[in-house]
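Each residue of the sequence shown is one higher than the one before, counting from 316 in this note's numbering.
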Amino acid sequence: MKPVLYLRLKKKVMATPGQPLTIKDLCRLTGEGIPPEVGSMPVCVPQLGHGNYLVIDVIDIIQLVQKKFPMIEVQQVGPHQMLVEVKLSDKRPRFLYVMLVSLVLFAGSGLAIMNFHTDVSMAAVHERIVFLLTGQHVKKPLLLQIPYSIGIGVGMMLFFNRLFQRKFNEEPSPLELETFQYQETIDQYMINDEKQEVDFS
316 MKPVLYLRLK KKVMATPGQP LTIKDLCRLT GEGIPPEVGS MPVCVPQLGH GNYLVIDVID
376 IIQLVQKKFP MIEVQQVGPH QMLVEVKLSD KRPRFLYVML VSLVLFAGSG LAIMNFHTDV
436 SMAAVHERIV FLLTGQHVKK PLLLQIPYSI GIGVGMMLFF NRLFQRKFNE EPSPLELETF
496 QYQETIDQYM INDEKQEVDF S
């Protein structure tokens with residue numbers, strides 16, 4: 316009876332130009348009586364000319380295994396294609412660039428909040444609330460506006476589930492979910508578009 320190799324492609328791996336990728340780099344393998352050399356078989360070497368993404372099909376990996384180990388029966392589970400993202404450079408963003416982007420985001424978010432409060436006449440609403448509670452007209456009801464402003468900041472931290480590098484719980488924040496879905500959409504598009512399939516010939 317032939318030994319059975321169960322093979323499942325990883326969803327995505329990162330690589331650098333010139334880095335050899337083996338079967339165990341791209342797949343999860345299991346099975347009894349499987350030679351350890353199977354996982355060490357080279358699959359491809361990403362090059363600068365390949366661009367940022369490579370698409371690898373499980374059929375090509377199965378053919379590589381069966382060509383060298385014809386006595387092994389290969390059973391594929393999971394996805395049929397995977398993505399290799401080639402990191403062309405590992406440059407970190409410059410401090411000045413990060414500060415500039417942070418300043419623009421801070422100013423933009425501040426203007427958005429101020430414009431919203433102007434549109435809904437929040438100052439007049441606060442004055443009305445203070446009048447209903449105390450019976451006095453107060454032009455600048457700071458006792459209400461200061462806690463309200465602090466509450467906006469606290470609410471944003473709770474909503475995004477983060478205070479600097481610290482998370483309040485293990486649940487992903489809405490921003491993390493949106494980023495995850497965006498990345499999943501990009502990866503699936505690259506696979507469907509088959510932008511750069513690996514040539515195994």
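Here a beta-carbon is modelled for each residue, glycine too, at the ideal position from N, C-alpha and C.
All values reported here derive from a predicted model rather than from experimental measurement.
Please report the residue range of the beta strand (DSSP E) in which A371 lies. Numbered from its first residue, the sequence shown carries residue 371 at position 56. It is worth fixing the name first, because residue 371 is Ile in this sequence and not Ala. In the DSSP assignment, I371 falls within the unbroken beta strand (DSSP E) covering Y368 to D372.
Assign K339 to one of three DSSP states: helix, strand, or coil. As a first step, residue 339 must be located in the sequence shown, where it is residue number 24. Per DSSP, reduced to three states, the secondary structure at K339 is helical.
Using beta-carbon positions only, say whether L398 and K327 come within less than 9 Å of one another. Counting from 1 along the sequence shown, the entry for residue 398 is found at position 83. Counting from 1 along the sequence shown, the entry for residue 327 is found at position 12. The Cβ atoms of L398 and K327 lie closer than 9 Å to each other.
If you follow the beta strand (DSSP E) that R323 is part of, which residue opens it and which one closes it? The sequence position of residue 323 within the sequence shown is 8, counting from 1. For R323, the uninterrupted beta strand (DSSP E) run begins and ends at V319 to L324, by DSSP.
What does DSSP give as the partner residues of P357 in its beta bridges? Counting from one through the sequence shown, the residue named residue 357 turns up at place 42. The partner list for P357 (beta bridge, DSSP) reads T337.
Spatially closest choice to G393 from L379, E347, D340 and D372, by CA coordinates: Against the sequence shown, residue 393 aligns to sequence position 78. It is D372.
Span of the beta strand (DSSP E), counted from its first residue to its last, around E400: Within the sequence shown, the letter at position 85 stands for residue 400. Counting along the chain, the beta strand (DSSP E) containing E400 begins and ends at Q396 to V401.
Kindly give me the distance between the Cβ atoms of V353 and V319, rounded to whole angstroms, as I take these residues to be in contact under 8 Å. The count along the sequence shown starts at 1 and reaches residue 353 at position 38. The count along the sequence shown starts at 1 and reaches residue 319 at position 4. Going by Cβ atoms, the distance from V353 to V319 rounds to 12 Å, so no, they are not a contact pair.
Residues that M386 bridges to, as DSSP identifies them: The count along the sequence shown starts at 1 and reaches residue 386 at position 71. Answer is none; M386 lacks a bridge partner.
CB-CB length for I377 against V389, believed under 8 Å: Residue numbering aside, residue 377 sits at position 62 when the sequence shown is read from its first letter. Residue numbering aside, residue 389 sits at position 74 when the sequence shown is read from its first letter. A Cβ-Cβ separation of about 5 Å places I377 in contact with V389 under the 8 Å criterion.
Out of I387, P335, M329 and M356, point me to the one whose CA is closest to K317's CA. Taking the first residue of the sequence shown as 1, we reach residue 317 at position 2. Here the closest residue by C-alpha is I387.
How many angstroms separate the CA atom of Q498 from the CA atom of M437? Numbered from 1 along the sequence shown, position 183 holds the residue referred to as residue 498. Numbered from 1 along the sequence shown, position 122 holds the residue referred to as residue 437. Cα to Cα, Q498 sits roughly 38 Å from M437.
For Q521, collect the residues of the same chain with a Cβ closer than 8 Å to its Cβ; drop the 5 residues on either side in sequence, then sort them by chain order. Coverage of the chain is limited to positions 316 through 516, which leaves residue 521 absent and any answer about it impossible.
Please state whether the Cβ-Cβ distance between L426 and H441 is less than 9 Å. Looking up residue 426 in the sequence shown gives position 111. Looking up residue 441 in the sequence shown gives position 126. Contact flag unset, no.
Straight-line gap, V323 to I374 (C-alpha atoms, nearest Å): The residue labelled residue 323 in the question sits at position 8 within the sequence shown. The residue labelled residue 374 in the question sits at position 59 within the sequence shown. In the sequence under discussion, the amino acid at residue 323 is Arg, which differs from the Val named in the question. The alpha-carbon separation between R323 and I374 amounts to approximately 12 Å.
According to the neighbour-count rule (16 or more other Cβ atoms, all chains shown, within 10 Å of its Cβ), is Y412 buried or exposed? Here residue 412 refers to the residue found at position 97 of the sequence shown. Taking every protein chain shown into account, the CB of Y412 has fewer than 16 other CB atoms within 10 angstroms, so this residue is exposed.
According to DSSP, is M329 helix, strand or coil? Residue numbering aside, residue 329 sits at position 14 when the sequence shown is read from its first letter. DSSP, reduced to helix, strand and coil, places M329 within a strand of the structure shown.
First through last residue of the alpha helix (DSSP H) which encompasses R407: One-based indexing of the sequence shown puts residue 407 at position 92. Here R407 belongs to no alpha helix (DSSP H), and DSSP marks it neither H nor E.
Exposed or buried, what is P351 when buried is set at 16 or more other beta-carbons lying within 10 Å of its beta-carbon? Here residue 351 is taken as the residue at index 36 of the sequence shown, counted from 1. By the neighbour-count rule (16 or more Cβ atoms within 10 Å), P351 is not buried but exposed.
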